[in-house]
Amino acid sequence: MADERIRAALAEATDTEQVVIGEGALGAVAEVAGAVLGDRPLVVVADATTWRVAGEQVQRRLEAAGRATEPPDVFPPDGFVLAEYGNVERVRQGLGGHDAVPVAVGSGSLNDIVKRAAHEAGRPYLAVATAASVDGYTAFGAAITKDGHKRTMTCPAPRAVVADLEVLAGAPPEMTASGYGDLLGKVTAGADWLVADALGVEPVDPRVWELAQGPLRAAVGRPEALAAGDRDALERLVEGLVLSGLAMQAHASSRPASGAEHQFSHLWEMEGLGHDRRPPLSHGFKVGMGTVAVAALYERLLDRDLAALDVEAIRRAWPGPEEAEAAVRAAHTAPGLDEAAVAETMAKHVDPDTLGWRLALLADRWPGLVDRLRDQLLPAERLRELLAAAGCPTRPSRLGLTAAAFRATYHRARMIRRRYTVLDLAAETGTLEELVGELFAPGGFFADEADGAAQ
Ligand SMILES: [Zn+2]
Numbered sequence: 000m001a002d003e004r005i006r007a008a009l010a011e012a013t014d015t016e017q018v019v020i021g022e023g024a025l026g027a028v029a030e031v032a033g034a035v036l037g038d039r040p041l042v043v044v045a046d047a048t049t050w051r052v053a054g055e056q057v058q059r060r061l062e063a064a065g066r067a068t069e070p071p072d073v074f075p076p077d078g079f080v081l082a083e084y085g086n087v088e089r090v091r092q093g094l095g096g097h098d099a100v101p102v103a104v105g106s107g108s109l110n111d112i113v114k115r116a117a118h119e120a121g122r123p124y125l126a127v128a129t130a131a132s133v134d135g136y137t138a139f140g141a142a143i144t145k146d147g148h149k150r151t152m153t154c155p156a157p158r159a160v161v162a163d164l165e166v167l168a169g170a171p172p173e174m175t176a177s178g179y180g181d182l183l184g185k186v187t188a189g190a191d192w193l194v195a196d197a198l199g200v201e202p203v204d205p206r207v208w209e210l211a212q213g214p215l216r217a218a219v220g221r222p223e224a225l226a227a228g229d230r231d232a233l234e235r236l237v238e239g240l241v242l243s244g245l246a247m248q249a250h251a252s253s254r255p256a257s258g259a260e261h262q263f264s265h266l267w268e269m270e271g272l273g274h275d276r277r278p279p280l281s282h283g284f285k286v287g288m289g290t291v292a293v294a295a296l297y298e299r300l301l302d303r304d305l306a307a308l309d310v311e312a313i314r315r316a317w318p319g320p321e322e323a324e325a326a327v328r329a330a331h332t333a334p335g336l337d338e339a340a341v342a343e344t345m346a347k348h349v350d351p352d353t354l355g356w357r358l359a360l361l362a363d364r365w366p367g368l369v370d371r372l373r374d375q376l377l378p379a380e381r382l383r384e385l386l387a388a389a390g391c392p393t394r395p396s397r398l399g400l401t402a403a404a405f406r407a408t409y410h411r412a413r414m415i416r417r418r419y420t421v422l423d424l425a426a427e428t429g430t431l432e433e434l435v436g437e438l439f440a441p442g443g444f445f446a447d448e449a450d451g452a453a454q
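What follows is the structure, encoded as structure tokens:
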């Protein structure tokens, strides 16, 4: 079933031709390289840790198979290799001395660095995963920080991905938990796509939807087993992550796998939340927290009758472009991020007529949309339990956020990406302020956070 799904996904994918997941998959690396690259020379790129856990073995296997290789490019063992543009330049310069195709042996950051560097050098690349920590292996684009601003830089996905379950099982447990958090985010990402679809903003592509959402329930269903080191649960997680990346590749957009929960994560990321930790606070932990936050908002929203809004009153209160821009500038003052947030927000800011039209459409579609969203979503409390069972933090304070900063994220995260999500739906129906207030009021889902009582 899983193999079939991956085969179907590869047929839709534009860059990736082969994916090998399994125990001992490293043994197939030379064969895979031959199948997708012919006899082009190769160069292994790794950091000190990933060289030890897999890179050295990859190098040996390539040599044993008679492949031409350049001396491996291993980052010096002085700390964590962050997905920063300086590291992209470093790898690209290394590639300048020969014409070998890089083989990235590592997890999310190293993969993103090599993905972009290979693209800048005009070459394809191969990915050998060392942790089930993100869905980015098979995704197009690389999340790289440049000039203090995290952005998705354009670049093709790898020609092939090799994920050896034995290697992945040996990764630190927090990395697997992080992958779980990233994958669980597809619950709310899917809900946001349904909202955008219902409002005519961005239609759902059923085939791509199935790639990301089809395997999701099975992949997130056994967090306890995953945390206990169960190989089958790990394999389901890896498949879910790989398929999610392939869905983004097929859609040439992260829409299938990224909604408001990622906007929460991206904002915290750009503001450097947890960057001073060693290891730095992971992407998946932030996405997991964002997923709970967004699901809790959906719960409040779905209790409202958005078919019975006073559209005229909402239209009258709707900010014009200058007012909207001023609100973004008040919420975002960090250099770089401020201009980016203005551009992103204004790209989706509608005029009152369009808003009126959209709210009329919403009134018409709301009952059907409520049913679809209830089918798609899980209760916020359930999501919190799942994350905890997988070993992810589930309280804002554990991420290093104050209650006030966490609460403000509901308003600020909406502004940093033009993608239409539940945050926009709440803002455009004039309910965002009130719904967030409910979440933090006594008896609300985040009442404990408002008290500052949570650990
Ligand atoms: Zn993600």
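Note that numbering that gives the first Met the number 0 has the sequence shown beginning at 0, numbered continuously upward. In this text, a Cβ means the ideal position worked out from N, Cα and C, and glycines have one as well.
Asked                                                                                                                                                                      : Found
Between the alpha carbons of leucine 125 and tryptophan 267, how many angstroms are there, rounded?                                                                        : 30 Å
Let me check understanding here. Comparing Cα to Cα, which of Val160, Arg91, Ala131 and Ala159 lies closest to glycine 180?                                                : Ala131
Which residue's Cα is closest to the Cα of arginine 150: Leu245, Thr290, Glu270 and Pro366?                                                                                : Glu270
Looking at the unbroken beta strand (DSSP E) that takes in proline 101, where does it start and where does it end?                                                         : 100-105
Cα separation between alanine 362 and alanine 170?                                                                                                                         : 49 Å
Distance, Cα to Cα, alanine 312 vs threonine 353?                                                                                                                          : 15 Å
Find the nearest neighbour of valine 219 within the set Leu236, Gln212 and Glu209, judged by alpha-carbon distance.                                                        : Leu236
With burial defined as no fewer than 16 other Cβ atoms inside 10 Å of the residue's Cβ, what is the status of glutamine 56: buried or exposed?                             : buried
Determine the contact status of alanine 45 and lysine 114, defining contact as a CB-CB distance below 9 Å.                                                                 : no
Please classify threonine 144: does DSSP put it in a helix, a strand, or coil?                                                                                             : strand
Between the Cα of glycine 107 and those of Val90, Ala128 and Arg122, spot the shortest distance and give me the residue it belongs to.                                     : Ala128
What are the complete alpha helix (DSSP H) segments, minimum 4 residues, inside the segment 107-177?                                                                       : 107-119 and 164-168
Please list, in chain order, all residues of the same chain as valine 186 whose beta carbon is under 6 Å from its beta carbon, the five residues on each side excluded.    : Leu377
Would you mind sorting phenylalanine 79 into buried or exposed? The rule is 16 or more other CB atoms within 10 Å of its CB.                                               : exposed
Roughly how many angstroms separate the alpha carbons of alanine 197 and leucine 424, rounded to a whole number?                                                           : 11 Å
So, does the segment 237-245 touch the segment 206-215, judging by three or more C-beta pairs under 8 Å?                                                                   : yes
Among residues of its own chain, excluding the 5 on either side of alanine 452, which ones have a beta-carbon nearer than 7 Å to its beta-carbon?                          : For alanine 452, the predicted model reports a pLDDT of 45, less than 50, meaning its position is unreliable; a value from the coordinates is still stated below. Once the five neighbours on either side are set aside, alanine 452 has no close Cβ partner at all.
When we look at the beta-carbon of glycine 37 and count the other beta-carbons within 10 Å, is it buried (16 or more) or exposed?                                          : exposed
Alpha carbons only, please: which of Val166, Ser177 and Asn86 is nearest the one belonging to lysine 145?                                                                  : Asn86
Do the segment 161-177 and the segment 249-269 make contact, defined as three or more Cβ pairs closer than 8 Å?                                                            : no
Return the chain-ordered list of same chain residues with a C-beta closer than 8 Å to the C-beta of alanine 295, the five sequence neighbours on each side being excluded. : Ala379, Leu438, Phe444 and Phe445
Would you be able to state if there are at least three C-beta pairs under 8 Å between the segment 10-22 and the segment 246-261?                                           : yes
Aspartate 191: beta carbon under 8 Å from a heavy atom of ligand 1?                                                                                                        : no
With respect to the alpha helix (DSSP H) encompassing valine 57, which residues constitute its N-terminal and C-terminal limits?                                           : 55-63
Identify which residue in Lys347, Leu400 and Ala403 has its Cα closest to the Cα of isoleucine 415.                                                                        : Lys347
Identify which residue in Asp302, Pro279, Phe284 and Arg417 has its Cα closest to the Cα of valine 341.                                                                    : Arg417
Using only the alpha-carbon positions, how far apart do alanine 440 and histidine 410 sit?                                                                                 : 17 Å
With DSSP as the reference, please indicate the residues paired to threonine 68 in a beta bridge.                                                                          : Leu41
Grab me the residues of glutamine 454's own chain with a C-beta within less than 8 Å of its C-beta, minus the 5 sequence neighbours each way, in chain order.              : For glutamine 454, the pLDDT reaches just 39, beneath the cut-off of 50, and the residue's location in the model is therefore unreliable, although a value from the coordinates is still provided. Taken in chain order, the residues that qualify are Arg394, Ser396 and Arg397.
Please tell me whether, using a cut-off of 8 Å, the distance from the CB of serine 396 to the nearest non-hydrogen atom of ligand 1 is below it.                           : no
Are threonine 68 and valine 43 touching if we call contact CB-CB under 9 Å?                                                                                                : yes
For methionine 288 and threonine 408, what's the separation of their Cα atoms in angstroms?                                                                                : 12 Å
Which value, in whole angstroms, describes the spacing of the CA atoms of alanine 120 and tyrosine 136?                                                                    : 19 Å
Here's a check: name, in chain order, each residue in its chain whose Cβ is nearer than 8 Å to the Cβ of leucine 41, leaving out the five neighbours to either side.       : Ala32, Leu61, Arg66, Ala67, Thr68, Glu69, Ala99, Val100, Pro101, Val102 and Leu125
Unbroken alpha helix (DSSP H) runs of length 4 or more, entirely within the segment 172-211: which are they?                                                               : 172-183 and 185-197
Do you know whose CA, among Val28, Leu183 and Gln375, lies nearest threonine 290's CA?                                                                                     : Leu183
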